[in-house]
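To start, the structure itself, in structure tokens.
Protein chains in written order, with the working numbering: chain A, 381 to 553; chain B, 681 to 1117.
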């Protein structure tokens, strides 16, 4: 579960208007806590040679099923420090780690619902991937890395926001 | 792009529903302001002209839509239900805030498909619920339902109303509609009770006001134009604009409509009071009378059509009834006044005495004359014996004497007293006068 922050968006606006240096510094500090998770997550992605041959990206593929490309999947795992659009519950994320590509998402979540399907069995047989996390936070790459991070990223982001707020408050006094 | 992400930190900014409610409130405020502006501008001639033109167009379109629906119903054998269907549509319009321009085509489509008023109304209710719940427009929902009624479920499955293709294949239409009714029960009512629903109701009321005023204007134009046509409508409208009285009728109706909307009571009361005073009230009455006559004239029953009002027999009967009532009242007043008439009291007292039949007749004749009863006066006068002297016995201090004897007794007493000398103050000259009695 994400940390719920109050006034984070207003702080961003205030920093942008009254403390531009802090406005640039805060996302950098947040990023410093997210980067290790992203790096670890990318490291859990299999290479093209490790993946199932039929799923591998090839030039003349005709199927609609998204094919796996290590390069694309790797670049698809990233982070974002700008606020997102509000979700159905009315929350806006201030810092996010993403797995953007379809193939990366399939590798990430395959086996959550049907762990004994042929695809999953073959995938597990060929790739030494391990699913970690629970429920909707269960996965092989991004979620695994986040799970193994043990909340350091979450704490770091929270502290980064609090720190920026304190510094801003100190300046305007 | 996949939807896989981890949110590290998040902030609650409020649900979409809150935003929608806020937007709806703003819209409502804007609409109320527009209504107020419309009232303010209603008294300027240009605004009256423009409003009148729009009203006439709205009324004409509404009339055309009504006729189209009536024709369609007649063609499918539901002609006798046309009036019922129209009132049903009006009710839906008021209840759910959906304009009749949308309801009529939907109803027509269902009626053509089902050939049954009951089924059409049932399906239209269901369509309103589905439309309110899913956000799909009423036309597409009724189209899907009418197609499904005729056996084609494809459109219904595309609506996304939570019915699987397997269900659509295996279940009958009745079972499917029952399931849909259970799924979307009360959605339209709930939707109508929201802010957005209030705005929609306001819109419907505004549209209705236009239509009603438009009908009034067309009637007025027909009255003004000798050829009873609306061919030179625009020109007539310009002339009519100077006569604000016709518009006042429309404003009165508008006020009545606004009073129905929750929260608009105060505005409605103020404007309603203005409408009830002075020439406004008189003109409004005139307009209302004309409208009622036109409405009633559409009925075939002569009593309802009001033609009996022109019947001379009825008029005479009414006049006689009124006159009789006036006479009865007058008689009652006369009876009450008689209680204080000394002459009548004397006659009544004399009649209670022991009197001869001739005296009684005389007294009764006098009483009849006093009461103004000519017949009785003549009757008793005829019975009077002209030769008989009036010999009325009266009670005087306990003894009964005739009037002649009474006079004699008084005369004798007075004379005796005078003769006795000092017992009375009557002088001798007066005694002479007494002898003459």
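The beta-carbon is built from N, C-alpha and C at its ideal position, and this holds for glycine as well.
Say whether chain B places a C-beta atom closer than 8 Å to the C-beta of residue 470 (chain A). Translated into positions along the first chain, residue 470 (chain A) becomes position 90. Contact of residue 470 (chain A) with chain B is assigned, a C-beta pair being separated by under 8 Å.
Please go through the same chain and pick out, in chain order, the residues whose beta-carbon is closer than 8 Å to the beta-carbon of residue 510 (chain A), but skip the five residues on each side of it. Counting from one through the first chain, the residue named residue 510 (chain A) turns up at place 130. 520, 524, listed in sequence order.
Do residue 749 (chain B) and residue 479 (chain A) count as a contact pair if the criterion is CB distance below 8 Å? Taking the first residue of the first chain as position 1, residue 479 (chain A) is located at position 99. Taking the first residue of the second chain as position 1, residue 749 (chain B) is located at position 69. No, the Cβ-Cβ distance between residue 479 (chain A) and residue 749 (chain B) is not below 8 Å.
Residues of the region 479 to 490 of chain A with Cβ closer than 8 Å to any Cβ of chain B, in chain order: Within the region 479 to 490 of chain A, the residues whose Cβ lies closer than 8 Å to any Cβ of chain B are, in chain order, 479, 480, 481, 482, 484, 485, 488, 489.
Out of B:848, B:757, B:842, B:844, point me to the one whose CA is closest to residue 831 (chain B)'s CA. By one-based count along the second chain, residue 831 (chain B) stands at place 151. Among B:848, B:757, B:842, B:844, the Cα nearest to that of residue 831 (chain B) is on B:848.
Output needed for residue 459 (chain A): all residues of its chain with C-beta closer than 6 Å, excluding positions within five of it in sequence on either side, in chain order. Your numbering for residue 459 (chain A) matches position 79 in the first chain. Closer than 6 Å at the Cβ level, and outside the excluded window around residue 459 (chain A), lie 414, 418, 477.
Members of the region 509 to 538 of chain A near chain B, C-beta cut-off 8 Å: So the list reads 517, 519, 522, 523, 526, 533, 534, 537, 538, given in the order they occur along the chain.
In the DSSP assignment, find the unbroken alpha helix (DSSP H) run with residue 487 (chain A) in it and report its ends. Numbered from its first residue, the first chain carries residue 487 (chain A) at position 107. Element bounds for residue 487 (chain A): 482 to 489.
Report yes if the CB atom of residue 779 (chain B) is closer than 8 Å to the CB atom of residue 887 (chain B), and no otherwise. In the second chain, residue 779 (chain B) corresponds to position 99, counting from 1. In the second chain, residue 887 (chain B) corresponds to position 207, counting from 1. Judged by beta-carbon spacing, residue 887 (chain B) lies within the 8 Å limit of residue 779 (chain B), meaning their Cβ atoms are closer than that value.
Alpha carbon of residue 741 (chain B) to alpha carbon of residue 760 (chain B), nearest angstrom: Position 61 of the second chain, counted from the first residue, corresponds to residue 741 (chain B). Position 80 of the second chain, counted from the first residue, corresponds to residue 760 (chain B). Near 23 Å, if we compare the C-alpha coordinates of residue 760 (chain B) and residue 741 (chain B).
If you measure from the beta carbon of residue 386 (chain A) to each beta carbon in chain B, is any gap under 8 Å? Numbered from 1 along the first chain, position 6 holds the residue referred to as residue 386 (chain A). At least one chain B Cβ lies under 8 Å of residue 386 (chain A).
Mapping DSSP to helix, strand and coil, what is residue 441 (chain A)? Taking the first chain and counting its residues from 1, the one referred to as residue 441 (chain A) is at position 61. DSSP places residue 441 (chain A) in coil when its eight states are reduced to three.
Cα-Cα, which of B:871, B:872, B:833 is closest to residue 856 (chain B)? Residue 856 (chain B) sits at position 176 when you count from the first residue of the second chain. Answer by Cα proximity: B:833.
Amino acids of chain A, ordered along the chain, whose beta-carbon sits closer than 7 Å to that of residue 687 (chain B): As a first step, residue 687 (chain B) is located in the second chain; it is residue number 7 there, counting from the start. Counting only Cβ-Cβ distances below 7 Å, residue 687 (chain B) has contacts in chain A at 382, 473, 476, in chain order.
Are any of the Cβ atoms in chain A nearer than 8 Å to that of residue 860 (chain B)? The residue labelled residue 860 (chain B) in the question sits at position 180 within the second chain. In terms of beta-carbon proximity, residue 860 (chain B) stays away from the interface with chain A, with every pair separated by 8 Å or more.
Could you tell me whether any Cβ in chain B is nearer than 8 Å to the Cβ of residue 431 (chain A)? Against the first chain, residue 431 (chain A) aligns to sequence position 51. No, no contact with chain B.
Short of 6 Å in beta carbon distance, which residues of its chain neighbour residue 452 (chain A), apart from the five on each side in sequence? Order them along the chain. If you number the first chain from 1, residue 452 (chain A) lands on position 72. Only 481 meet the Cβ criterion.
Closer than 7 Å, Cβ to any Cβ of chain B: which residues of the region 386 to 408 of chain A, in chain order? 386, 388, 389
Please tell me whether residue 818 (chain B) has its Cβ less than 8 Å away from any Cβ of chain A. To locate residue 818 (chain B), count along the second chain from 1; it is residue 138. Not an interface residue.
From residue 1050 (chain B) to residue 998 (chain B), what distance separates their C-alpha atoms? As a position in the second chain, residue 1050 (chain B) is number 370, starting the count at 1. As a position in the second chain, residue 998 (chain B) is number 318, starting the count at 1. Approximately 32 Å, taken between the alpha carbons.
Mind checking residue 558 (chain A): buried by the 16 CB within 10 Å criterion, or exposed? The first residue shown for chain A is 381 and the last is 553, placing residue 558 (chain A) beyond what the model contains.
Output, in sequence order along the chain, the residues in the region 809 to 833 of chain B whose CB is closer than 7 Å to any CB in chain A. none
Closer than 7 Å between beta carbons: that is the criterion. Which residues of the region 434 to 458 of chain A meet it against chain B? none
Chain-ordered neighbours of residue 345 (chain A) on chain B, where CB pairs are closer than 7 Å: A question about residue 345 (chain A) goes unanswered here, because the residues of chain A that appear run from 381 up to 553.
Look up residue 519 (chain A) in the DSSP assignment and give the residues it is bridged to. The residue given as residue 519 (chain A) occupies position 139 in the first chain. Note: residue 519 (chain A) sits in a beta bridge opposite A:512.
Would a check of beta-carbon distances place residue 414 (chain A) closer than 8 Å to chain B? Here residue 414 (chain A) refers to the residue found at position 34 of the first chain. It does: the Cβ of residue 414 (chain A) has a partner Cβ on chain B nearer than 8 Å.
Could you pull the start and end residues of the beta strand (DSSP E) that residue 691 (chain B) belongs to? Position 11 of the second chain, counted from the first residue, corresponds to residue 691 (chain B). Residue 691 (chain B): member of the beta strand (DSSP E) spanning 684 to 692, first to last residue.
Cutting at 6 Å between CB atoms, please list the residues of its own chain near residue 529 (chain A), excluding the five before and the five after it. As a first step, residue 529 (chain A) is located in the first chain; it is residue number 149 there, counting from the start. For residue 529 (chain A), where only same-chain residues beyond five positions count, the Cβ hits under 6 Å are 417.
For the candidate residues A:449, A:545, A:437, whose alpha-carbon lies nearest to that of residue 389 (chain A)? The residue you call residue 389 (chain A) lines up with position 9 of the first chain. Closest by C-alpha distance to residue 389 (chain A), out of A:449, A:545, A:437, is A:545.
How many angstroms separate the CA atom of residue 688 (chain B) from the CA atom of residue 488 (chain A)? Taking the first residue of the second chain as position 1, residue 688 (chain B) is located at position 8. Taking the first residue of the first chain as position 1, residue 488 (chain A) is located at position 108. Cα to Cα, residue 688 (chain B) sits roughly 18 Å from residue 488 (chain A).
C-beta atoms of residue 816 (chain B) and residue 839 (chain B) nearer than 8 Å: The residue you call residue 816 (chain B) lines up with position 136 of the second chain. The residue you call residue 839 (chain B) lines up with position 159 of the second chain. Yes, Cβ-Cβ distance for residue 816 (chain B) and residue 839 (chain B) is below 8 Å.
Anticipated Cβ contact below 8 Å, residue 789 (chain B) with residue 822 (chain B), distance rounded: Stepping through the second chain from its first residue, residue 789 (chain B) is reached at position 109. Stepping through the second chain from its first residue, residue 822 (chain B) is reached at position 142. Correct: roughly 5 Å between the Cβ atoms.
Can you find a CB in chain B that lies within less than 8 Å of the CB of residue 541 (chain A)? As a first step, residue 541 (chain A) is located in the first chain; it is residue number 161 there, counting from the start. With 8 Å as the cut-off, residue 541 (chain A) counts as an interface residue toward chain B.
Leaving out the 5 sequence neighbours to the left and right, which residues in its chain are closer than 6 Å to residue 813 (chain B) when beta-carbon positions are compared? For the purposes of this step, residue 813 (chain B) is identified with residue 133 of the second chain, where counting begins at 1. Result list for residue 813 (chain B): 864, 867, in chain order.
Beta-bridge partners of residue 460 (chain A), as assigned by DSSP: By 1-based counting over the first chain, the position of residue 460 (chain A) is 80. For residue 460 (chain A), which the question treats as bridged, DSSP gives the partners A:476.
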